[in-house]
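Per our numbering, the sequence shown starts with residue 2, numbered consecutively. I have placed the structure first, in the form of structure tokens, so that the comments after it can refer back to it.
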Amino acid sequence: MRASGASGARSVLIALASTVVFAVVVVLAVSNAPGWPAVKRQFFNREFFVESLEVIPEAFLLNIRIFLIAEVFILVLALVIAIFRSLPGPVFFPLRALAIAYADFFRGVPTILVIYLLGFGAPGLEISGIPRGALFWGVVALVLVYAAYVSEVYRAGIESVHPSQEAAARSLGLSRAQALRFVILPQAVRRVLPPLLNDFIGLQKDTALVALLGPVEAFRQSQIEVSSNFNYTPYLLTALLFVLLTIPLARLTDWLIARERGRRLAAGVAA
2 MRASGASGAR SVLIALASTV VFAVVVVLAV SNAPGWPAVK RQFFNREFFV
52 ESLEVIPEAF LLNIRIFLIA EVFILVLALV IAIFRSLPGP VFFPLRALAI
102 AYADFFRGVP TILVIYLLGF GAPGLEISGI PRGALFWGVV ALVLVYAAYV
152 SEVYRAGIES VHPSQEAAAR SLGLSRAQAL RFVILPQAVR RVLPPLLNDF
202 IGLQKDTALV ALLGPVEAFR QSQIEVSSNF NYTPYLLTAL LFVLLTIPLA
252 RLTDWLIARE RGRRLAAGVA A
């Protein structure tokens, strides 16, 4: 046991040392490249970085708003689609077909095209009572696209619950709807939380695509700064803001995966 622990510690140290050496080699190679002074001036300019700090983080708040609003609607719409697709029997075939067609279509069309088509096409219909703002249709486009992906995650979770769970619930007098609500969905959602968070990491990044319709979020603000100063450092700051928001979600995903794995191992040992 002690030898195994020592071997594991040695492997970790070797991996860490090799990573540090690789990082040092990369840094030295980049910093000694002939074009590094020009790249440093254009992408790592301290003056423009500090100047961008005054406007880009404020614009990034719009990205966060888009992310939070879209996430709520995605969770609800995707769950409805997944439930429709999991309904058994020929009587529910139209709903299943509709759910399949929806998921296939919005997973097949690039997000950027959906944003363009809705952002520039839907307001032209001039339907009374429906907002025409670019921000509204940008959020709608993200909701429609990501709901298709998340619905498949939900469906995988629902199908992963053993049929005996529903049979046991029905034997206790619960209707199918009650069994789905109180027995199947709680287990399914708990199992798919990590992949759901992965999808939302992608959503958080794709909020920048809404800038194509005109709203001034972080990416559009960085474009404005670059056009004003002819320096690309604002792009670096924008990328850094997205990374700082993504890292906590990624670590939360890792923690949930580890917790679920531990729970399953504990259940297997108890069985």
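We put the CB at the ideal spot given by N, CA and C, even for glycine.
Distance between residue j and residue i (C-alpha atoms, nearest Å)
i: Phe203; j: Ser152; result: Going by the sequence as given, residue 203 is Gly instead of Phe. Spanning the two alpha carbons is a distance of roughly 15 angstroms.
i: Glu167; j: Leu181; result: 8 angstroms
i: Val77; j: Trp37; result: 49 angstroms
i: Ile185; j: Ile159; result: 7 angstroms
i: Ala60; j: Val144; result: 21 angstroms
i: Ile67; j: Pro58; result: 15 angstroms
i: Thr208; j: Leu126; result: 24 angstroms
i: Ile70; j: Ala169; result: 37 angstroms
i: Arg252; j: Ile128; result: 44 angstroms
i: Arg265; j: Trp256; result: 14 angstroms
i: Thr254; j: Gln205; result: 14 angstroms
i: Gly120; j: Arg260; result: 41 angstroms
i: Asn64; j: Leu242; result: 10 angstroms
i: Ser81; j: Ala178; result: Strictly speaking, residue 81 in this sequence is Val, with Ser absent from that position. Going by the C-alpha atoms only, they are around 13 angstroms apart.
i: Ser12; j: Arg192; result: 32 angstroms
i: Leu17; j: Tyr147; result: 37 angstroms
i: Ile113; j: Val22; result: 40 angstroms
i: Ile15; j: Ala39; result: 36 angstroms
i: Gly122; j: Val140; result: 14 angstroms
i: Leu62; j: Ser228; result: 21 angstroms
i: Phe220; j: Ala267; result: 46 angstroms
i: Pro187; j: Ala10; result: 40 angstroms
i: Ala34; j: Val25; result: 14 angstroms
i: Ile131; j: Pro91; result: 36 angstroms
i: Met2; j: Ser32; result: Caution applies to Met2, whose pLDDT of 48 falls short of 50 and renders its modelled position unreliable; the value that the coordinates give is listed next. Those two C-alpha atoms are separated by around 45 angstroms.
i: Pro164; j: Leu118; result: 42 angstroms
i: Lys41; j: Ala102; result: 49 angstroms
Integer-rounded CB distance, given that residue j should sit under 8 angstroms from residue i
i: Tyr150; j: Asp200; result: 6 angstroms
i: Ile116; j: Val211; result: 7 angstroms
i: Thr234; j: Phe49; result: 4 angstroms
i: Val162; j: Ala189; result: 6 angstroms
i: Leu250; j: Leu198; result: 6 angstroms
Contacts around residue i, its chain only, beta-carbon distance under 8 angstroms, and the 5 residues preceding and following it disregarded
i: Phe85; result: Phe93, Leu96, Arg97, Leu99 and Ala100
i: Leu88; result: Leu96 and Arg97
i: Glu72; result: Phe201 and Leu204
i: Phe183; result: Ala170 and Leu175
i: Ala30; result: none
Cβ shell of residue i (< 6 angstroms), same chain only, five flanking positions each side left out
i: Pro124; result: Arg133
i: Pro111; result: none
i: Asn230; result: Phe49
i: Val27; result: none
i: Ala79; result: Ala148, Val151, Ser152 and Tyr155
Nonlocal neighbours in the same chain, by C-beta distance under 7 angstroms from residue i, ignoring five residues either side
i: Ala83; result: Ser152, Tyr155, Arg156 and Ile159
i: Pro196; result: Val154
i: Asn232; result: Gln43, Asn46 and Phe49
i: Leu194; result: Leu257
i: Gly263; result: none
Short CB-CB distance (under 8 angstroms) between residue i and chain B
i: Lys41; result: Judged by its chain identifiers, the structure shown contains no chain B, having just a single protein chain.
**Asked** Do the stretch 134-143 and the stretch 206-218 meet, that is, are 3 or more Cβ pairs less than 8 angstroms apart?
**Response** Three or more pairs of CB atoms, one per stretch, sit closer than 8 angstroms, so the stretch 134-143 contacts the stretch 206-218.
**Asked** Is there contact between the stretch 106-116 and the stretch 222-237, where contact requires at least three CB pairs shorter than 8 angstroms?
**Response** Here the stretch 106-116 makes no contact with the stretch 222-237; the two share fewer than three CB pairs at distances below 8 angstroms.
**Prompt:** Do three or more CB pairs link the stretch 48-60 to the stretch 233-242 at distances below 8 angstroms?
**Reply:** Taking 8 angstroms as the limit for Cβ pairs, the verdict is that the stretch 233-242 does touch the stretch 48-60.
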